[in-house]
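Notes follow once the structure below has been shown.
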Amino acid sequence: MRTLFKGGTVVSGKGVRRADLLVEGEKVSALARTLKEPADRVVDVTGCILFPGFIDAHTHFDLEVAGTVTADDFASGSRAALRGGTTTVLDFACPNKGESLASGLNRWRKKASDRTFCDYGFHMTIDDWNENIRRELPEMFAQGISSFKMYMTYPAMLLEDRDLYWALKELKALGGVCGVHCENAGVIDGMIAEKKAAGALSPASHPQTRPPYLEAEAVGRLLRIAQAAEAPVIIVHLTNRDALEEVRLARKRGQTVYVETCPQYLTLDESLYYQDIFSEAARYICAPPLRDRKEQDALWKGLRRGDIQTISTDHCSFTLEQKAMGLEDFTKIPGGLPGVETRGELIWSCGVARRKLSVAQMCRLLCENPAKLYGLFPRKGTLQPGSDADIVVYDPSGGHIIQAEDCISAAGYSPYEGFATDGGIQQVWLRGRLAVESGNVLVSSPEGKYMARGKCML
Ligand code: DUC
Ligand code: ZN
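Following my numbering, the numbering of the sequence shown begins with 6 at its first residue and continues without gaps.
See below:
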């Protein structure tokens, strides 16, 4: 099957060009100002922007959190991803403490295989450090896993500094990269205990016990540990200016540091936790928490200057019933927001349409950089001959209102309810097949492929 996209504007990380694009089977086969090749079907994309399929390098589908399981599993989460223009997700395989990496990976493969509608891969979570885990790492690379995740918070997952150091050193030797959740666990625990003793159990206590400086402290400490290990590192879901300043200092010292932020930190703010109706406030509980508006300005500036390399979602969805588990005690509210379905339109609307980002910058942040960072480039993240024909057709004219009733994530609510988009996603193509049109998911069976990934090329 040959499909010719005529009259569109094709985006890469370098810029935009008016070009026709030919797809043969699952791959892009040609790109030129005008193509006259015969085709089985011609898609008129005049006036539209063609992005490579978006990559969301931070999702949590089918994950147990706080005694419950995320609303979205791989089936519902990946359908929502596709609807939002995301054709590849990277989820986190999470072995339990004491479990081998191999058995954690097997569990995640079972959760995902034959259930996933977009292409997918896994990062491997390292929540324990010992000789057995060290020995298992080469097998992870053999299985196509070249990126890892460690936590400096959450008692069930966190690693102490010595283990962070050893793990980073080992990953560096093997050519891997590691994302780290940076928050100071000890002080947060102390502050939570104080709130509990004072009976201050409402959602308002959540941001107060996880202030931005405790994130910045952990970022600074991690970067000194990475300096000792001489290892590159990724700061995931960075939320604030002080944390970004720690990154700048480390880069000045010559360290390799990559930064991810998320749409919620760019568009929502902490006033949402101070609403009188606790069930409303609970919708926004995530860690790190939403921040003050001035932090958003620092993040947008960081994106423009290239200090931040990727925007992923940390999609970790719970229904309002699940969020209500903690209405009497904010520490029992399962943390995480749905976001995989709305990221592209939010970043276009708040970034490109408001001239905070160029179209090429958006392409770098959602497509090219994650593909390079996580070893998927040039199969993913770009539209050039030989790449997978994952295409987002974005129509910048018009717009719509984001409403949960239109969304297909199993969360059943959207943190962006009522947001008016600039333009919208008109079509999504997954490896040469039309998967979404005008908000309707057309694919009826889960045809997502597991992506074995190579090493970081960013
Ligand atoms: N933060 C969340 O809010 N949820 C999932 C994991 C995380 O780090
Ligand atoms: Zn996460």
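For every residue, glycine included, the Cβ atom is placed at its ideal position computed from N, Cα and C.
The structure displayed is predicted, hence computed values, not measured ones.
CB of residue i within 8 Å of CB of residue j, strictly
i, j, result
"PRO100", "THR130", "yes"
"ASP96", "PHE66", "yes"
"PHE59", "VAL446", "no"
"PRO343", "ALA416", "yes"
"ALA98", "GLY109", "yes"
"PRO390", "ALA62", "no"
"ILE240", "GLU222", "no"
"ASP393", "GLN431", "no"
"ASP269", "LEU304", "One point to set straight first is that residue 269 is Gln, not Asp, in the sequence displayed. No, they are not a contact pair."
"THR244", "PRO293", "yes"
"ALA231", "LEU173", "yes"
"GLN314", "LEU271", "no"
Per-residue burial, residue i [other beta carbons within 10 Å of its own, 16 or more giving buried]
i, result
"GLU235", "exposed"
"TYR218", "exposed"
"ASP395", "buried"
"PRO420", "buried"
"ILE406", "exposed"
"THR39", "exposed"
"ARG288", "buried"
"THR91", "buried"
"SER276", "exposed"
"ASP411", "exposed"
"SER284", "exposed"
"LYS154", "buried"
"ASN189", "buried"
"LYS200", "buried"
Reduced DSSP category for residue i - H, G, I as helix; E, B as strand; rest coil
i, result
"ARG298", "helix"
"LEU55", "strand"
"TRP434", "strand"
"HIS405", "coil"
"ASP166", "helix"
"ALA37", "strand"
"THR272", "helix"
"GLU333", "coil"
"ILE396", "strand"
"GLU141", "helix"
Residues bridged to residue i [DSSP beta-bridge criterion]
i, result
"LYS154", "THR130 and GLY184"
"HIS320", "THR64 and LEU342"
"ASN101", "DSSP lists no partner for ASN101."
"LEU26", "PHE10 and LEU36"
"GLU265", "THR315"
"ILE282", "DSSP lists no partner for ILE282."
is_contact[residue i, chain B] using C-beta, thresh 8 Å
i, result
"LEU227", "No chain B appears in the structure shown, which is made up of a single protein chain."
* Does the region 164-173 come close enough to the region 129-145 to have 3 or more Cβ pairs within less than 8 Å? -> Segments in contact, yes.
* Asked: When the Cβ atoms of the region 7-25 are set against those of the region 41-56, are three or more pairs found closer than 8 Å?
  -> The count of Cβ pairs closer than 8 Å, one atom from the region 7-25 and one from the region 41-56, reaches three, so the stretches are in contact.
* Asked: Is the region 279-286 in contact with the region 248-257, if contact means three or more CB pairs nearer than 8 Å?
  -> No, they do not touch.
* Given 8 Å as the limit, is there contact between the region 367-386 and the region 322-340, that is, 3 or more CB pairs closer than that? -> Inter-segment contact for the region 367-386 and the region 322-340 is absent: fewer than three beta-carbon pairs are separated by less than 8 Å.
* Any chance the region 326-341 sits against the region 69-83, with 3 or more Cβ pairs inside 8 Å? -> As far as the Cβ criterion goes, the region 326-341 touches the region 69-83, which means the pair count is three or higher.
* Asked: Counting pairs of beta carbons, one from the region 10-20 and one from the region 353-373, are three or more of them closer than 8 Å?
  -> Yes, they touch.
* With a cut-off of 8 Å, do at least 3 Cβ pairs link the region 224-235 to the region 175-195? -> Touching, per the Cβ criterion.
* Asked: In chain order, what residues place their C-beta within less than 7 Å of a heavy atom belonging to the ligand COA?
  -> Absence of the ligand COA from the depicted structure is noted, with the ligand DUC and the ligand ZN being the only ligands included.
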